[in-house]
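First up is the structure itself, then whatever we jot down about it.
In the working numbering, the protein residues as written are 161 to 486.
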């Protein structure tokens with residue numbers, strides 16, 4: 161009996177052993193510390209988009225059709241509805257610093273960035289800073305008509321117009337139509353800074369562009385709050401208020417032009433730009449605009465507030481600013 165128990169134990173021990181896997185003589189034995197790289201679900205990082213010549217590269221000459229503020233015009237001509245005139249901003253600037261803003265997509269973000277940036281640039285024109293704004297579009301005539309519609313929202317004394325080369329812009333520049341803005345800074349006809357902006361942000365992107373300009377013309381770096389001085393901002397609901405409070409009357413005055421039933425598209429866009437700029441200045445305003453937009457959209461009565469264009473803006477703000485903090 162005892163021998164039977166011993167035999168059973170030996171059998172169990174043999175069964176518990178794992179069979180050895182035959183090694184292919186042609187396959188080398190892996191080093192003892194070699195391991196496969198760990199699997200990860202993290203997607204590869206998306207590279208920043210490229211648009212236009214990069215820093216250190218020459219800036220090719222090109223022309224666009226200036227709709228207003230052509231350098232050759234007198235003050236009286238600038239106020240008239242003159243026909244577009246060609247301008248080569250690279251040759252006009254010669255070796256002086258040059259800021260070029262290419263607007264690929266017309267929206268609140270791109271227009272607000274263009275207006276605030278070019279207003280600062282124009283204030284530094286006495287330091288030989290040249291500036292030009294070029295709108296891009298598939299249809300030159302349509303782009304010129306669109307530019308005329310939003311002219312009130314742009315810096316009046318900066319040469320602004322439309323490229324005759326379509327949405328791709330001048331072929332020698334290699335612009336990327338998938339970004340909203342391409343901002344180039346150059347000196348001595350050579351690019352020194354390039355900003356290809358998919359979603360322009362006054363808070364995140366404007367300081368970087370300003371610093372790149374100051375490298376050429378000097379001077380202190382201004383505060384964003386000092387640059388955003390639009391007339392509508394005079395009634396900023398955050399003025400003279402702590403960061404966590406908003407003046408309800410001033411906020412209503414800021415929002416009211418947006419939701420007027422008889423507002424034109426230009427008036428809606430201008431009101432939206434003013435509100436976006438107020439949001440950029442104050443987290444409290446951002447939170448309150450988000451709350452208002454979310455309340456209107458979720459009420460089921462969105463059609464009672466403003467025009468279809470204003471309603472679309474309210475839906476965007478509801479998603480962008482109206483999500484509750486988790």
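Each residue gets a CB set at the ideal place from its N, CA and C atoms; glycine is no exception.
Item, Value
"Could you tell me the alpha carbon to alpha carbon distance between residue 447 and residue 254, rounded to whole angstroms?", "47 Å"
"Buried or exposed: which applies to residue 408, given that a residue is buried once 16 or more other Cβ atoms fall within 10 Å of its Cβ?", "exposed"
"So residue 320 and residue 243 are in contact, right, with Cβ under 8 Å, and what is the actual spacing, rounded?", "Not confirmed; about 15 Å, so no contact."
"Since residue 428 and residue 467 should fall inside the 8 Å C-beta cutoff, what is the C-beta to C-beta distance between them, to a whole number of angstroms?", "6 Å"
"Ends of the alpha helix (DSSP H) at residue 249?", "249 to 253"
"Please determine, among 272, 459 and 483, the residue with the shortest C-alpha to C-alpha distance to residue 314.", "272"
"Which whole runs of the alpha helix (DSSP H) in the stretch 407 to 459 are 4 residues long or more, in chain order?", "408 to 415, 425 to 441 and 443 to 458"
"Please identify the residue among 374, 461 and 365 whose C-alpha is closest to the C-alpha of residue 419.", "461"
"Pick helix, strand or coil for residue 289, following the three-state DSSP scheme.", "coil"
"Output needed for residue 202: all residues of its chain with C-beta closer than 7 Å, excluding positions within five of it in sequence on either side, in chain order.", "The predicted position of residue 202 is uncertain, since its pLDDT is 46 and thus under 50; no value can be drawn from it."
"Just the C-alpha distance for residue 371 and residue 260, rounded to the nearest angstrom, thanks.", "15 Å"
"If you compare alpha carbons, which of 270, 274 and 328 is closest to residue 297?", "328"
"Below 8 Å between beta carbons: does that hold for residue 262 and residue 322?", "no"
"How many angstroms separate the CA atom of residue 209 from the CA atom of residue 471?", "31 Å"
"Considering Cα atoms alone, identify which of 215, 266, 233 and 465 is closest to residue 305.", "266"
"Going by DSSP, what residue range makes up the beta strand (DSSP E) through residue 354?", "350 to 357"
"From the beta carbon of residue 379, is the nearest beta carbon of chain E less than 8 Å away?", "Given the protein chain composition of this structure (a single chain), no chain E is represented."
"Name, in chain order, the residues that DSSP records as bridge partners for residue 368.", "Looking at the DSSP assignment, residue 368 forms no beta bridge with any residue, so it has no partner."
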